[in-house]
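To keep things clear, I will list the structure first and then write my remarks on it.
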Amino acid sequence: MDLTRPPGDDGLFGPSSAAWRVHGDFTAMMIGGISALLLQMLHPAALAGVWDHSGFRDDRHGRLKRTARFIAATTFGSTEQARTAIAQVRRIHDCIGGVMPDGTRYTANDPVLLTWVHVAEVDSFLRAYLRYRDQRMSAIDQDRYLAETATVAEALGATDVPRSRAAIDAYFASIRPDLRADHRTREVAQALLAPGDDRATTSAMNLAVAAAIDLLPPWAQALHGRSLPTYARSAVRLGANSMGSVLRWALKA
2 MDLTRPPGDD GLFGPSSAAW RVHGDFTAMM IGGISALLLQ MLHPAALAGV
52 WDHSGFRDDR HGRLKRTARF IAATTFGSTE QARTAIAQVR RIHDCIGGVM
102 PDGTRYTAND PVLLTWVHVA EVDSFLRAYL RYRDQRMSAI DQDRYLAETA
152 TVAEALGATD VPRSRAAIDA YFASIRPDLR ADHRTREVAQ ALLAPGDDRA
202 TTSAMNLAVA AAIDLLPPWA QALHGRSLPT YARSAVRLGA NSMGSVLRWA
252 LKA
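Note that our numbering has the sequence shown beginning at 2, numbered continuously upward.
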């Protein structure tokens, strides 16, 4: 993916931004991305969109790849590239909608749903960054990250987007009664988390999946019925940290 920017164009955020800092760590984004998908599917409308309009059974990691490309374009690309990526997603959302099992209509362009998807995503990225890259990131910089990325969500059509850790916490408290899991949630999650056929990457993905489940808030783990035994958490976090160190070294080499 070509992320070349014209001279003088820092894109939507720029190299000194908190967004560049968080989104530039591959391990945190990988673990956070998996965790975000698990969190997002707990919303009935988000789950319905995946169930009705995606090939999650045959394209298990397609959503992760598409999300990664969008984030790369809007974070590190030129201003024009970012705007093009946002416009493309809006066009795709125009075609996504339907009826949930309870008869409620949904559309991907629903501002409330867009806010949920965004919050689940950036909260997961930030928590993964704090756990696996820099636990000393200041509260000010954490809020700066959330305020920066909120502008992309708003450009997509989201409204009342939380811009601080405190606002995120209040948002989750307010929306939790609307979240649930059923047999469809479990099927989508199982497809997402199933090991691949490539043995060379299976171990790394298994570790990333375990770390992603461990990253979920306890209430989300309970809804999914997935959690790590207490004795395994330290080993998973140590392994993910070691994997991150190796990947950072390899990407710089």
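Built from N, CA and C at the ideal position, the CB exists for glycine as well.
Model, not experiment: these values are computed from the prediction.
Mind listing, in chain order, the continuous alpha helix (DSSP H) runs of no fewer than 4 residues lying wholly within the stretch 4-40? 19-24
Within 10 angstroms of the Cβ of residue 225, are there 16 or more other Cβ atoms? Answer buried if so, exposed if not. buried
Which class does residue 70 belong to by DSSP, given the choice of helix, strand or coil? helix
Mind listing, in chain order, the continuous alpha helix (DSSP H) runs of no fewer than 4 residues lying wholly within the stretch 142-193? 166-176
Buried or exposed (CB count within 10 angstroms, at least 16 for buried), residue 214: buried
Taking 7 Å as the threshold (beta carbon to beta carbon), is residue 41 in contact with chain D? You won't find chain D in this structure, because it holds only one protein chain.
Following the continuous beta strand (DSSP E) through residue 105, name the residue where it begins and the one where it ends. Note, residue 105: premise wrong, no beta strand (DSSP E); not H, not E.
Return helix, strand or coil for residue 78, following the three-state DSSP convention. coil
Separation of residue 54 from residue 255, as counted between CA atoms: The structure shown has nothing for residue 255, since the chain only spans 2 to 254.
Close beta carbons around residue 277, own chain, < 8 Å, minus the five adjacent residues each side: Since the first residue of the chain shown is 2 and the last is 254, residue 277 is not available in this structure.
Mapping DSSP to helix, strand and coil, what is residue 98? strand
For residue 120, which option in 49, 39, 243 has the closest C-alpha, if you only look at C-alpha atoms? 39
Quick test of your reading: residue 218 and residue 159, contact by CB under 8 Å. State the CB separation rounded to the nearest angstrom. That pair is no contact at about 21 Å.
Exposed unless 16 or more other CB atoms sit within 10 angstroms - verdict on residue 170: exposed
Cut-off 7 Å between Cβ atoms - residues of its own chain near residue 26, not counting five sequence neighbours on either side: 130, 134
Helix, strand or coil at residue 253 [DSSP, three-state]: helix
What is the DSSP secondary structure of residue 207, counted as helix, strand or coil? helix
For residue 76 and residue 20, believed in contact at Cβ under 8 Å, the rounded distance: 5 Å
Classify residue 181: buried if its beta carbon has 16 or more other beta carbons within 10 angstroms, exposed otherwise. exposed
Check whether the Cβ atoms of residue 210 and residue 42 sit closer than 7 Å, and answer yes or no. no
Name the two residues that bound the continuous alpha helix (DSSP H) containing residue 125. 112-133
For residue 62, does the three-state DSSP call read helix, strand or coil? coil
Return the CA-CA distance between residue 8 and residue 71, expressed in angstroms with no decimal places. 22 Å
Euclidean distance between Cα positions of residue 178 and residue 124: 18 Å
How about residue 36 and residue 216: do their beta carbons lie closer than 7 Å? yes
Quick check on residue 243: does DSSP put it in helix, strand or coil? helix
Beta-carbon within less than 6 Å of residue 46's beta-carbon, same chain only, minus the 5 sequence neighbours each way: which residues are those? 107, 114
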